[in-house]
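K.L.:
The numbering used here applies: residue 7 is where the sequence shown begins, and numbers increase by one.
A virtual CB, placed ideally from N, CA and C, is assigned to each residue, including glycine.
First, the structure itself, so that you have it in front of you.
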Amino acid sequence: MYAVELNHVDKSYDNKQLVVNDVNVTIEPGEFFVLVGPSGCGKSTLLRIIAGLEELSAGSLLIDGKRADHLPPSKRELSMVFQNYALYPHMTVADNITFGLDVKKIRKKQRKEKCDEIAEMLGLTDFLKRKPRHLSGGQRQRVALARAIITNSPICLMDEPLSNLDAKLRAFMRAEIKELQRKLGMTLIYVTHDQIEAMTMGDRIMVLNEGAIQQIGRPIDVYNTP
Ligand code: ADP
Ligand code: ADP
């Protein structure tokens with residue numbers, strides 16, 4: 007069974023031109039799947055369709071083998087990390103991290119245990135009581151990661167999670183995310199316009215151009231063709 011399956015998916019905003027055009031792809035459980043392509047080619051739209059934040063205009067979407075086109079985002083077993091991290095400024099790091107568990111009505115003691123475990127894993131233990139504005143960019147990025155993985159969702163979607171970091175931190179976080187993904191065995195669908203990220207992190211890369219699949223394959227196949 008596939009983690010995610012897109013069949014002939016089209017998307018247009020306001021019935022204008024297609025920004026996603028007949029996309030067919032299957033993503034394996036535990037796969038690190040990277041979506042690349044120029045700005046405006048439809049990467050975010052495709053990710054948001056999988057997340058349930060946008061409706062598809064035609065075609066179908068399956069998550070874990072089940073039709074998901076009309077499931078609300080909260081009913082899809084997935085988590086998401088946004089480019090701007092989307093942290094709650096008035097909440098502490100701990101409350102930001104456990105937000106997804108509060109929604110699921112998990113008990114306080116268990117919530118704290120999970121939070122401590124994940125904070126430890128991501129080097130956030132000393133920052134749990136702070137507000138996001140008192141963190142560096144890299145620390146904020148890790149809070150967003152922690153918030154996504156604490157829910158134990160088998161599928162995680164990331165939309166350019168490293169693009170606000172400086173080059174050195176980006177290199178470090180590339181390795182960290184890859185390691186985390188392997189350790190947790192999660193399916194990761196990762197949007198980037200950074201070729202180095204795509205090459206070093208992805209099991210498979212899908213290149214989109216004007217909403218259509220231009221190429222799909224292992225990094226070595228995608229980047230070694232003339
Ligand atoms: P990418 O993530 O590859 O930069 P997007 O998915 O954000 O591409 O955008 C694909 C196309 O759809 C672009 O032409 C963009 O302007 C358009 N688009 C994205 N979101 C909307 C929206 N909410 N309403 C109308 N057009 C949109
Ligand atoms: P990205 O970094 O993915 O390219 P953008 O900066 O293009 O994102 O878009 C940011 C937000 O604006 C998204 O929520 C997207 O859906 C929306 N958006 C993008 N293009 C348009 C558009 N032409 N009309 C309306 N909303 C848009």
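(1) Can you tell which of 214, 219 and 205 has its C-alpha closest to the C-alpha of residue 230?
(2) Which partner residues does residue 13 have in the DSSP bridge list?
(3) How many Å lie between residue 142 and residue 23 at the Cα?
(4) Using 7 Å as the cut-off, classify the Cβ of residue 162 as near or not near the heavy atoms of ligand 1, replying yes or no.
(5) Is residue 196 helix, strand or coil by DSSP?
(6) To the nearest whole angstrom, what separates the beta carbons of residue 131 and residue 160, a pair I think is in contact under 8 Å?
(7) Pull up the distance between the alpha-carbon of residue 58 and that of residue 82, whole angstroms please.
(8) Kindly indicate which residue of 74, 84 and 146 has the alpha-carbon position closest to the one of residue 136.
(9) If you follow the beta strand (DSSP E) that residue 207 is in, where does it begin and where does it stop?
(10) Pull the bridge partners of residue 218 from the DSSP assignment, please.
(11) Going along the chain, which residues of its own chain have a beta-carbon closer than 7 Å to the beta-carbon of residue 25, five neighbours each way excluded?
(12) Taking a cut-off of 5 Å, which residues have a beta-carbon closer than that to any heavy atom of ligand 1, in chain order?
(13) Compare the Cα-Cα distances from residue 95 to each of 154, 150 and 9 and report the closest residue.
P.N.:
Once the coordinates are examined:
(1) 205
(2) 66
(3) 40 Å
(4) no
(5) strand
(6) Their Cβ separation, rounded to whole angstroms, is 26 Å, which puts residue 131 and residue 160 out of contact at 8 Å.
(7) 8 Å
(8) 146
(9) Unbroken run through residue 207 is the alpha helix (DSSP H), 201 to 207; no beta strand (DSSP E).
(10) 215
(11) 17, 18, 19, 48, 51 and 217
(12) 19, 25, 45, 46, 47, 48, 49, 50 and 51
(13) 150
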